[in-house]
Structure formats: C-alpha cells, structure tokens
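Taking it in order: structure first as structure tokens, then the write-up.
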Amino acid sequence: MGLIELRDRIRPDAKGIVARLHAQGVQKIVMLTGDNERTARAVAAVVGIDEVRAELLPEDKVRAIEELVEKYDVVAMIGDGVNDAPAMARAHFAIAMGAVGSDAAIETADIALMTDDIGKVPWLIGHSRRTMNIIHQDIGISLATKALFVGLTAFGMASMWGAIAADVGVSLLVVANALRLLRAKKDNGKPKDYKTLSEKEMQGVQANGH
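Here our numbering is used: the first residue of the sequence shown is 28, the next is one more, and so on.
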C-alpha cells in the first residue's frame, strides 16, 4: 500500500501580510474558501485570519459577502477564480490577482494586480491613502491661493497678471506635489518587523489539516 498526498503550501510571508493589513486598520479579515474546513481553520490560526468560512459554493460566497456588506462600511474582496467573480461583484470593491486570475475575476474586479503576489495588497492600501492625501493637499492649495487672490483683487492689491502668474505657479506646485507618489515605487510594502512563517509553523498547519 502507498499514499500519495497533494497539498498547497502556505506562503512564508502570509503571516506578515495579514499583520500588515491589521496594522493598516483593516478591521476584520475573513477567509472564504471551498476547501476543507479543518485545513482552512488550521491555516487561519497560524496566519492570523480573524474568521473562516469553509466548504463554500460560489453562491455561499455571495451570501457571505452580502452579510459583510450589511455589517461593515467598506468590504473588499480579493479573488482569482471564476467561482470568486459573483461574490467579488457584491463587494464594495474587488481586487483580482492578475497573473493567475481568471478572465471573469479580472473583468469583475475594480483593481487587478499584475502579479500573483498578494503581498502587494498592503502596498496598494498605503499607496491609495497617500494618493488621497495628496489630492486633498492639492485641492486645498489651489482653493486657498485662488481665494487669496480674489480677496487681493477685490481690494485692488493684485493685478490681473499677478493672478495669472499665481495660477500658473499653483498648477506647477500641485504637479510637483503629485510627483511625490513616484517615490512609492521604492516601497515593497514590508515593515521592519515583517513576519514570516517558520518551517515548523508550516508543518504544523499541514499536520492539522489531515
């Protein structure tokens, strides 16, 4: 007699990715999977996932997302398969793993990562927040400058040419401010205390999954 065992291997950086998401303020991370419940719970316990819903059919995933949407202000779903697409459509926004994702998942998603590296998700959240901060800064700078020159012009303290020069200057300033986002390319999304799974932890998950 013999035994042939096929199983997926957990990413060593999975624990660090989940920790980074929690640190960024993600309130709850839920695993929705069609896989065996025992294995799913063993993985979640080691990686740090908050809730597990296993042995789900595509329609079960849809219902799970709808429940989460009713409970939380913002629900994002990450998926890569055809079975994930209906549930992704129910989330507030969806992220597809572009390199390994199905066409249905990519078309349904609001954002498609061009690699299969889920570690890019924390980077994506951080980058989107930086983008929104810069947008707010640029709007504030522009409105404040225009309001200032409207007031100066009303009191005869600014000329038309001065207002034009200020407008051009503000345009250059907001563009220069936006260029700061280019520095985000150097960020790999990993903090100094980034955690990885040890071989012992991964073996423990594999043993608990049997």
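Quick reminder that beta carbons are idealized off the backbone N, C-alpha and C, glycines included.
CA-to-CA, the gap between L84 and Q164 works out to about 45 Å. Annotated as distal: V102 and A81, with beta-carbon spacing of 8 Å or more. Taking all protein chains shown into account, D77 has fewer than 16 neighbouring C-beta atoms within 10 Å of its C-beta and is therefore exposed.
Straight-line spacing of the CA atoms in R207 and L59 works out to 37 Å.
By the neighbour-count criterion, in which a residue is buried when 16 or more other Cβ atoms sit within 10 angstroms of its Cβ, K88 is buried. For L59, the secondary structure class from DSSP, reduced to helix, strand or coil, is strand. The three-state secondary structure of E82, taken from DSSP, is coil.
Between the alpha carbons of A50 and R157 lies a gap of roughly 16 Å. Nearest C-alpha to E86 among K98, A112, G146: A112. In this structure, the beta-carbon distance from V148 to T172 does not fall below 8 Å. Between the C-alpha atoms of K42 and V201 there is a straight-line separation of about 38 Å.
Beta-bridge partners of L140 (DSSP): M124. Secondary structure remark: continuous alpha helix (DSSP H) runs of at least 4 residues inside the stretch 126–195, in chain order: 130–135, 147–181. In the DSSP assignment, I105 falls outside any alpha helix (DSSP H) and lies within the beta strand (DSSP E) extending over 103–106.
Excluding its 5 nearest sequence neighbours in each direction, V96 has C-beta neighbours in its own chain below 6 Å: V102, listed in chain order.
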